[in-house]
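Enquirer:
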Amino acid sequence: MIRGFILVFLLFSFSSFANNLQTLKEWIKKHKNFLYVSFQQITKIKELEEETLFSGFLCKYKNLLKIVYKNKETGETQEILIKNNKAYIYSQTDNTLIITKVDNSLFIYKLFKEILEKPQNLEKNFHIRENVNSLELTPKVNSDFREFKIIFSKNNIKKIKSQDKEGNEIVFNIKEIKNCNRKPFLNINENTEIIKQY
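Residues in the sequence shown are numbered from -7 upward in steps of one, following the working numbering.
(1) Determine the closest residue to leucine 50 out of Ile186, Phe164 and Asn181, with distance taken between C-alpha atoms.
(2) Rounded to the nearest angstrom, what separates tyrosine 80 and histidine 119 at their Cα positions?
(3) State the start and end residues of the unbroken alpha helix (DSSP H) segment that holds lysine 116.
(4) Taking 7 Å as the limit between beta carbons, can you name the residues of its chain near phenylalanine 140, skipping five residues before and five after?
(5) Do asparagine 55 and lysine 75 have their C-beta atoms within less than 8 Å of each other?
(6) Decide if the stretch 55 to 72 is in contact with the stretch 171 to 186; the criterion is three or more beta carbon pairs, one per stretch, under 8 Å apart.
(7) Check whether the Cβ atoms of glycine 48 and lysine 62 lie closer than 8 Å to each other.
(8) With a threshold of 7 Å on Cβ separation, who are the neighbours of isoleucine 162 within its own chain once the five nearest residues in sequence on each side are excluded?
(9) Starting from valine 29, trace the beta strand (DSSP E) in both directions and tell me its first and last residue.
(10) Helix, strand or coil for lysine 17? Go by DSSP, reduced to three states.
(11) Take arginine -5 and list the residues in its own chain whose beta-carbon comes closer than 8 Å to its own, dropping the five residues that flank it on each side.
(12) For lysine 175, I'd like the list of residues in its chain whose CB is within less than 6 Å of its CB, leaving aside the five on either flank, ordered along the chain.
(13) Alpha carbon to alpha carbon, how far is tryptophan 19 from glutamine 189?
(14) Would you identify the three-state DSSP class for lysine 54, choosing helix, strand or coil?
(15) In terms of residue numbering, what span does the beta strand (DSSP E) encompassing aspartate 156 cover?
Following this line, the structure appears as structure tokens:
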């Protein structure tokens, strides 16, 4: 009887895990081309013993990705538009537009490349563990991160936590997820200084 109970429990657990993983893949498929996410970001720099709070949003519209950050303390806003492997980084405070090549140092871009564009590789790129009502994805050995977790629960991504090899932490608390229904662009002022770095 005990063996039977254990077998039923294991089958139920595996079935639940498979269903949750399939739900995550369906979520990725649904939002692959049109996604709007508003978030709160907490950045902790270990060496400086600093914690910075940002609010922001990202909008993915087909091959365009726009990210907006606002520093809660200073009010400074930065806009990033990614198009054709180039990042256009606009600072309202400095009135500058930096154009540079995109690389994996841009955390949120790396996240999109590894997850939203390659749902078929989830099991290949991540250790996937089921917690209570959530899936936890941790990258395998070939990663820049010591710790990287995506908390997926109730059919949505709720939180993203990462820590690099130096001990710096980034936490995204997801506030709202919906479809991005408008092509994103940068709100550039007149007489903006353009700086090319490629």
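The beta-carbon is built from N, C-alpha and C at its ideal position, and this holds for glycine as well. A quick note: this is a predicted structure, and the numbers were derived from the prediction, not measured.
Expert: In short, the structure shows the following:
(1) Locating residue 50 in the sequence shown gives position 58, where the first residue counts as 1. Comparing Cα positions, the closest option is Phe164.
(2) To locate residue 80, count along the sequence shown from 1; it is residue 88. To locate residue 119, count along the sequence shown from 1; it is residue 127. If you take the alpha carbons of tyrosine 80 and histidine 119, they lie about 33 Å apart.
(3) The sequence position of residue 116 within the sequence shown is 124, counting from 1. Looking at the DSSP string, the run of the alpha helix (DSSP H) that includes lysine 116 is 114 to 117.
(4) For the purposes of this step, residue 140 is taken as the residue at position 148 of the sequence shown. Cβ within range, chain order: Thr130, Pro131 and Ser154.
(5) Residue numbering aside, residue 55 sits at position 63 when the sequence shown is read from its first letter. Residue numbering aside, residue 75 sits at position 83 when the sequence shown is read from its first letter. Cβ distance < 8 Å, so asparagine 55 and lysine 75 count as in contact.
(6) yes
(7) Sequence index remark: in the sequence shown, residue 48 carries index 56 (1-based). Sequence index remark: in the sequence shown, residue 62 carries index 70 (1-based). Yes, the Cβ-Cβ distance between glycine 48 and lysine 62 is below 8 Å.
(8) Indexing the sequence shown from 1 puts residue 162 at position 170. These residues qualify, in order along the chain: Gln33, Thr35, Phe99 and Ser154.
(9) Indexing the sequence shown from 1 puts residue 29 at position 37. Segment 26 to 37, the beta strand (DSSP E) holding valine 29.
(10) Here residue 17 refers to the residue found at position 25 when the sequence shown is read from its first residue. DSSP places lysine 17 in helix when its eight states are reduced to three.
(11) As a first step, residue -5 is located in the sequence shown; it is residue number 3 there, counting from the start. Low local confidence applies: a pLDDT of 39 at arginine -5 is under 50, so the model's placement there is unreliable, with the coordinate-based value given in what follows. Closer than 8 Å at the Cβ level, and outside the excluded window around arginine -5, lies no residue.
(12) As a position in the sequence shown, residue 175 is number 183, starting the count at 1. Hits under 6 Å: Tyr53.
(13) Counting from one through the sequence shown, the residue named residue 19 turns up at place 27. Counting from one through the sequence shown, the residue named residue 189 turns up at place 197. For tryptophan 19 and glutamine 189, the distance between alpha carbons rounds to 36 Å.
(14) In the sequence shown, residue 54 corresponds to position 62, counting from 1. Coil.
(15) Within the sequence shown, numbered from 1, the residue matching residue 156 stands at position 164. Per DSSP, aspartate 156 belongs to the beta strand (DSSP E) from 148 to 156.
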